[in-house]
Amino acid sequence: MVDFSIEVYSYIRVTDNVVFLITSTTIATWIIMGVLIAFGIVVRIQSRQWDPVKKPTRLQNIMEMCVETFEKFFRSSASEKLDYLAPWFFTLFAFLLFSNISGVFGIRNPTADWGVTFPLAVTSFILIQFVGFRYHPKSHLKGFIEPNFLFLPLNIMGELAKPISLSFRLFGNILGGFILMSLLYGLAPFVVRLIFPVALHLYFDIAAGALQAFIFTVLSLTFVGLAAGD
319 MVDFSIEVYS
329 YIRVTDNVVF
339 LITSTTIATW
349 IIMGVLIAFG
359 IVVRIQSRQW
369 DPVKKPTRLQ
379 NIMEMCVETF
389 EKFFRSSASE
399 KLDYLAPWFF
409 TLFAFLLFSN
419 ISGVFGIRNP
429 TADWGVTFPL
439 AVTSFILIQF
449 VGFRYHPKSH
459 LKGFIEPNFL
469 FLPLNIMGEL
479 AKPISLSFRL
489 FGNILGGFIL
499 MSLLYGLAPF
509 VVRLIFPVAL
519 HLYFDIAAGA
529 LQAFIFTVLS
539 LTFVGLAAGD
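Per the numbering used here, residue 319 is the first one in the sequence shown, and the count goes up by one each step.
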């Protein structure tokens, strides 16, 4: 039998009724966060030596290309007045991308756990409401009672459905690939495991993982842009 459950390695007791579990998802998330933070520190240290007059290094070219590409994409999806949110969405995309493709390196995908995707979707939901009330407080609030106040419960449910649908879309797709790969490694004959996993990893972990990270970021950014009136 193949076990799809989340392993619990240890726990931290905060109070008598609150216990923080250290699971396989927690460990994988810490590893990915550590890699991203370490990479950010390296880029920060290297960037101090970058000189616009001298020939740019390979790392400088790669980082400038990534930042410029994301800035163009961000402004085409939202607007320049939301530029202060670009670092958050860039970080979100990077975290989701590494989380979705972590299966290639034998690490459990954190995004195959709804406890990871739902808080990220809730964060996007909070940004939607924040941007809406900041730029168009009256019209954003009025949107909850359109076309009349009888639709208030339905409009509230529609807003609450956004983070739920965002989280389940990402969670379901990544979990589906994780289950299929686990079944292959756990039940398939040895010869099959030597031939097919490479192609399946390219699809489920890399192609589908990158696509789902892109979709989650685009949808979140689109909702925020609409809330800002753009």
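Beta carbons: idealized from backbone N, C-alpha and C, even for Gly.
Which of helix, strand or coil DSSP assigns to residue i
i, result
"R331", "strand"
"V337", "strand"
"W368", "coil"
"A292", "Because the chain is modelled from 319 through 548, residue 292 falls outside the range shown and cannot be assessed."
"T347", "helix"
"E464", "coil"
"K480", "helix"
"G358", "helix"
"A545", "helix"
"K373", "coil"
"L459", "helix"
Residue(s) in a DSSP beta bridge with residue i
i, result
"V536", "Looking at the DSSP assignment, V536 forms no beta bridge with any residue, so it has no partner."
Of the listed residues the options, nearest to residue i (C-alpha basis)
i, options, result
"D431", "T343, V337 and G543", "T343"
"S395", "G547, T540 and F486", "T540"
"L488", "P370, L377 and T429", "T429"
"S420", "V542, F532, G543 and G527", "G527"
"G433", "P465, P481 and F469", "P481"
"Y521", "V536, F496 and S538", "F496"
"F357", "L377, T341 and R393", "L377"
"L438", "G494, F486 and H458", "F486"
Whole-number beta carbon distance between residue j and residue i, since they are thought to touch under 8 Å
i, j, result
"A346", "I425", "5 Å"
"E382", "A404", "Actually they do not touch by this definition, with Cβ atoms about 15 Å apart."
"F413", "I355", "Not quite, the Cβ-Cβ distance comes to about 11 Å (not below 8 Å), so this is no contact."
"F416", "L484", "Between L484 and F416 the Cβ distance is about 19 Å, and since that is not below 8 Å, they are no contact."
"N473", "G461", "7 Å"
"I524", "V360", "I524 to V360, Cβ: 23 Å. No contact."
"V449", "A546", "5 Å"
"I340", "N427", "The pair is not a contact, with the Cβ atoms about 17 Å apart (cut-off 8 Å)."
Where the alpha helix (DSSP H) containing residue i begins and where it ends
i, result
"R426", "First-last for R426: undefined, no H or E at that position."
"I444", "W432 to Y453"
"T409", "A404 to I419"
"K390", "R376 to S395"
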